[in-house]
Amino acid sequence: MTVQGFSPDSDLTLDEAMEDLVSAEDFLDFFGVPFDQTVVHINRLHIMQRYHDYLSKSGDLDGHDDSVRQAVYRQLLSRAYQDFVDSDAQTEKVFKVFRMHEPQTTFVSIDQLLS
1 MTVQGFSPDS
11 DLTLDEAMED
21 LVSAEDFLDF
31 FGVPFDQTVV
41 HINRLHIMQR
51 YHDYLSKSGD
61 LDGHDDSVRQ
71 AVYRQLLSRA
81 YQDFVDSDAQ
91 TEKVFKVFRM
101 HEPQTTFVSI
111 DQLLS
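Residue numbers (UniProt numbering): 1 to 115.
As structure tokens, this is what we get:
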């Protein structure tokens, strides 16, 4: 799919322009984030989930104009992508399945042991 970047001068709002984005590559192209196809191929779900996590933590951006939101979205997507350039999915632990086998610690007092 050929994706056109967003322009505030466009007849579409940012939300309308984003409606047709379906893949990680679409999002990266749309926001002008340069990427290595190999990194995206291996980590696409992790990148998009991390992007979603960053968006959730960024707070409500609906009150801002499209050009501000576009800049924030681009920065967060670039950050999410870069996380997986610098690391890997198992280290980043985006999905719960990667966190399930972490060591669990439990405190047991001496009194509990003696009773």
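C-beta: ideal position from N, C-alpha, C; glycine also.
Boundaries of the alpha helix (DSSP H) around S78: 66-86. Around the beta carbon of H52, fewer than 16 other beta carbons sit within 10 angstroms, so the residue counts as exposed. Per DSSP, the unbroken alpha helix (DSSP H) holding T38 starts and ends at 37-57. Fewer than three Cβ pairs drawn from the segment 17-37 and the segment 52-64 lie within less than 8 Å of each other, which leaves the two stretches out of contact. Per DSSP, reduced to three states, the secondary structure at F6 is coil, with no helix or strand assignment. In this structure, V33 sits away from S87, with a CB-CB distance that is not shorter than 8 Å. Check the Cα spacing between S23 and each of Q70, I110, F31, R44: the tightest is with R44. If you draw a straight line from the Cα of Q70 to the Cα of S58, it comes to about 13 Å. Spanning the alpha carbons of E25 and T105 requires a straight line of approximately 40 Å. DSSP places D111 inside the alpha helix (DSSP H), whose first and last residues are 110-114.
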